[in-house]
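Oh and the sequence shown: position 133 is 133 in the numbering used here, straight run, nothing missing. Yeah, the Cβ is synthetic: ideal placement off N, Cα and C, and Gly gets one too. Computed from a predicted model, the values in this text were never measured in an experiment. Notes follow the structure.
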Amino acid sequence: MPTAKWEAAHLVTIRTPYPMRAAWDLRLAIIGIRCHRRVAESLSNVLEEILEAYGSLAEVRHYGMDRFGGAYNYRRISGSTKLSLHAYGAAIDLDPEHNPLGPAWRAGAGMMPMLVVELFEEAGWKWGGRFEGRKDCMHFQATG
Ligand SMILES: [Zn+2]
1 MPTAKWEAAH LVTIRTPYPM RAAWDLRLAI IGIRCHRRVA ESLSNVLEEI LEAYGSLAEV
61 RHYGMDRFGG AYNYRRISGS TKLSLHAYGA AIDLDPEHNP LGPAWRAGAG MMPMLVVELF
121 EEAGWKWGGR FEGRKDCMHF QATG
């Protein structure tokens, strides 16, 4: 398990540029995201770009991009012994309800907007929808 010391040295909390909601309980407001300090600026920029691209919170909500599925979380990749990048605070899940683990992305199914995928990828993040094998369309991770 990560120590409090590791967390204090590596994690920061960014303020979300628009109000988000917990995907597991939409009544729960998410105003900050705990993540690795090395990805904090990039993550905050991408979220700002998402808001800018959609132009309003209503549009962001329409596409489910305010539905926060988690970021820093000490866990293994399910079905594996490898640590997930969530364990380092270098990954974020968005709108898990419409992007469940497993199924490949398909158009017209209300899944991850390609606009959002492009914004993350331009910033150097990897999208789980392009994973070899099991797809994870809700998931973005910073690498390198
Ligand atoms: Zn994830």
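Could you tell me whether the stretch 106–116 touches the stretch 75–89, using the rule of 3 or more Cβ pairs below 8 Å? no
Please name the residue or residues paired with Gly-70 in a DSSP beta bridge. Paired residue(s): Asp-93.
If I follow the unbroken alpha helix (DSSP H) through Lys-5, where does it start and stop? 4–10 is the extent of the alpha helix (DSSP H) around Lys-5.
Decide if the stretch 6–23 is in contact with the stretch 59–78; the criterion is three or more beta carbon pairs, one per stretch, under 8 Å apart. yes
Would you mind sorting Leu-115 into buried or exposed? The rule is 16 or more other CB atoms within 10 Å of its CB. exposed
Would Ile-14 pass as a contact of Cys-35 if the rule is Cβ separation under 8 Å? yes
Residue range of the unbroken alpha helix (DSSP H) whose run includes His-98: Careful: His-98 lies outside any alpha helix (DSSP H) and carries neither H nor E.
Considering only heavy atoms of ligand 1, does any lie closer than 7 Å to the CB of His-62? no
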